[in-house]
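Undergrad:
There are 2 protein chains.
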Amino acid sequence: MHILLTNDDGYHASGIQTLYRSLRSLTEHDISIVAPESERSATGHSITLFHPLFVTEHDLDSHQKGFAVSGTPSDCVKLAIQGGLINKPDLLISGINQGSNLGTDVFYSGTVSAAMEGVILGVPSLAVSLANYQFTDFEPSAVYLAKHLDYIIKCHKKGLLNINFPGKPQSKWAGVKVTRLGKAIYDNVFERRVDPHGRAYYWQCGNRAEDLEDDTDLRAIQEDFISITPMHSDLTDFKGIEPWKKYFNTSNSLLDNGV
Amino acid sequence: MHILLTNDDGYHASGIQTLYRSLRSLTEHDISIVAPESERSATGHSITLFHPLFVTEHDLDSHQKGFAVSGTPSDCVKLAIQGGLINKPDLLISGINQGSNLGTDVFYSGTVSAAMEGVILGVPSLAVSLANYQFTDFEPSAVYLAKHLDYIIKCHKKGLLNINFPGKPQSKWAGVKVTRLGKAIYDNVFERRVDPHGRAYYWQCGNRAEDLEDDTDLRAIQEDFISITPMHSDLTDFKGIEPWKKYFNTSNSLLDNGV
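Keeping their order, the protein sequence lines are chains X and U. Residue numbers are given in our numbering: position 16 of the first sequence equals residue 16, and the series is strictly consecutive. Position in the second sequence (from 1) plus 1000 gives the number in our numbering.
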């Protein structure tokens, strides 16, 4: 199988490089890397339309190149697959990210958006995060993933698995939970300051309030479980269609009614 | 009611200013504007964590200020609601955008992401787009919206309505369709060039292939209907949870198994 690795912490980040080494040593798969040349966290699903994208090649091993792209995580996936930078992969893995990607925060996440771009382009994807900005030992998460990869590849034929590992040594992991996305609510989100010229400005920050709902990814990580959330790519609210149809479809005449 | 307007084309764009004037003249609602100070198209749901946000005040009318923010559409919504820039709105309208926001393209859309940010913060939202980059008469769309706004406010208590107007004169509108999100597929996505120094670079471009599936927003706009798609904010694939539980929850022992 051919696996494409990308991330939002940048090509040289420890998370993606550790994952690459683990997959190379513990699996037989072909591994490509196409990742942003620098950190692009919190870029969400942005893409670059109005600037050109430059690509820098790096030696990945003796017979293969890795690609660093001057764009966002989603640009990397599009360029890799649609720009013909590599052969179409069978699986995309985005990560391992430094810091969690949980609940509604997945909308802001470059890591999850890159994986979602894979899904849109027909490639089953994983988004993988280590849920702590300070804890930097990616090895146990990478090894866990490598050891389960054959089963995941066998069963994961479409969509996205959003995987968050506890940001703690493996001895403290409580187990695995398959979860739903929770609600990531923040308090104290903007800190107002005044610059030396007297202009007000705002820093976005804030602490995430605890999510005490059952079965969520946020709760699982709070309790030191590995959280695995299956995700799809369709934001249509199908239940909402019929009620609105009653109003709008029967009100086509409104178009003539002076509107 | 208090309505917050934002967009991704920037505070001074014709779409948002036309919408403001139509809502002021045709409705009795209080209207605030908090929008990016410059164009931020295709920014997706990105937020600004590592730079401060500056806010410029503009006279909106004799008794009210509008706010232009040095950030993304999602920053604007967060700063407006969580940063206390305005009172919490009852409804958020993002737009009117110059150009369509249809199908899987909603993931890249600053317009839709701003509306989704409203939903995450508990404010029912509309994303409104004019489906043509060249056609610039926002007036009929703005008036249509203003005339239906009271019904929308009465029925739209949570989630997002993604509304695309045909990019044509109103005399050519075919009616209204309530739709699901389609698949926005592009061909010829990257054009490879070589710069004067010999370095290869890539422009992202490409034409959207036609979506011939029934009931989609893409199809509705192709056929000159106004498209209205109800959207939610939960990307969990609930059907995927049980199959993965069987493997992962019963394989907690794998944690001890050398992993």
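Backbone N, C-alpha and C fix where the C-beta goes; we use that ideal spot for every residue, glycine too.
#1: Please confirm if X:Asp224 has its CB atom under 7 Å from at least one CB of chain U.
#2: In terms of residues, what are the limits of the alpha helix (DSSP H) holding X:Phe238?
#3: Would you kindly report the start and end of the unbroken beta strand (DSSP E) that includes U:Thr1006?
#4: Kindly indicate if chain U contains any beta-carbon less than 7 Å away from that of X:Thr111.
#5: In angstroms, rounded to a whole number, what distance separates the CA positions of U:Asp1215 and U:Val1128?
#6: Let's test the definition: count the other Cβ atoms within 10 Å of the Cβ of X:Arg180 and tell me whether it reaches 16, buried, or not, exposed.
#7: Since U:Met1116 meets chain X, which of its residues come closer than 7 Å, beta carbon to beta carbon?
#8: Is it true that the region 1226-1246 of chain U meets the region 230-243 of chain X, where meeting means three or more beta-carbon pairs spaced less than 8 Å apart?
#9: I want to see whether chain X comes within less than 7 Å of U:Phe1067, judged by CB atoms only; does it?
#10: Can a CB atom of chain C be found closer than 7 Å to the CB of X:Phe54?
#11: Enumerate in chain order the residues of its own chain whose CB-to-CB distance from X:Gly175 is below 6 Å, with the five nearest sequence positions on each side excluded.
#12: Using the C-alpha atoms, what's the distance from X:Thr6 back to X:Thr111?
#13: From X:Leu85 to X:Ile185, what does the alpha carbon distance come to, in whole angstroms?
#14: If U:Thr1018 sits next to U:Arg1040, beta carbons under 8 Å apart, how far is it from one beta carbon to the other, in whole angstroms?
#15: Tell me where the alpha helix (DSSP H) around U:Tyr1144 begins and ends.
#16: Would you list the residues sitting across from U:Ser1129 in a DSSP beta bridge?
#17: Comparing C-alpha positions only, which one of U:Ser1074, U:Lys1088, U:Leu1160, U:Gly1167 sits nearest to U:Ser1100?
#18: When you compare the CB positions of U:Val1143 and X:Trp244, do they come within less than 7 Å of one another, or not?
#19: Once DSSP output is grouped into helix, strand and coil, what is the label at X:Gly175?
#20: Excluding the 5 residues flanking U:Phe1165 on each side, which residues of the same chain have their C-beta closer than 6 Å to its C-beta?
#21: Give the DSSP-derived three-state secondary structure of U:Pro1073 in the structure shown.
#22: Return the chain-ordered list of same chain residues with a C-beta closer than 7 Å to the C-beta of X:Tyr133, the five sequence neighbours on each side being excluded.
#23: Is the shortest distance between the beta-carbon of U:Gln1098 and the beta-carbons of chain X less than 7 Å?
#24: May I ask you to list the residues that DSSP assigns as paired with U:Lys1064?
#25: Sort U:Val1119, U:Gln1222, U:Ser1038, U:Ile1033 by Cα distance to U:Asp1059 and report the nearest one.
#26: Consider the Cβ of U:Val1034: report whether some Cβ of chain X lies at a distance smaller than 7 Å.
#27: Does the beta carbon of X:Thr6 sit closer than 7 Å to a beta carbon anywhere in chain U?
#28: Flag this pair as yes or no: are the beta carbons of X:Leu4 and X:Pro124 separated by less than 7 Å?
#29: According to DSSP, is U:Val1055 part of a helix, a strand, or is it coil?
#30: What in chain X is Cβ-close to U:Asp1059, meaning under 7 Å?
TA: Taking the definition as stated:
#1: no
#2: 238-248
#3: 1002-1006
#4: no
#5: 19 Å
#6: buried
#7: Phe107
#8: yes
#9: no
#10: In summary, chain C is missing from the structure at hand, where the protein chains are X and U.
#11: Phe225
#12: 8 Å
#13: 39 Å
#14: In fact, because the Cβ distance is near 19 Å, the residues do not count as touching under 8 Å.
#15: 1139-1155
#16: U:Asn1097, U:Asn1164
#17: U:Gly1167
#18: no
#19: strand
#20: Leu1130, Ser1141, Ile1226
#21: helix
#22: Gln98, Gly99
#23: no
#24: Note on identity: in this sequence residue 1064 of chain U is Gln, with Lys being the wrong assignment. The partner list for U:Gln1064 (beta bridge, DSSP) reads U:Asp1061.
#25: U:Ile1033
#26: no
#27: no
#28: no
#29: strand
#30: By Cβ distance, chain X contributes nothing, its closest Cβ being about 18 Å from U:Asp1059, past 7 Å.
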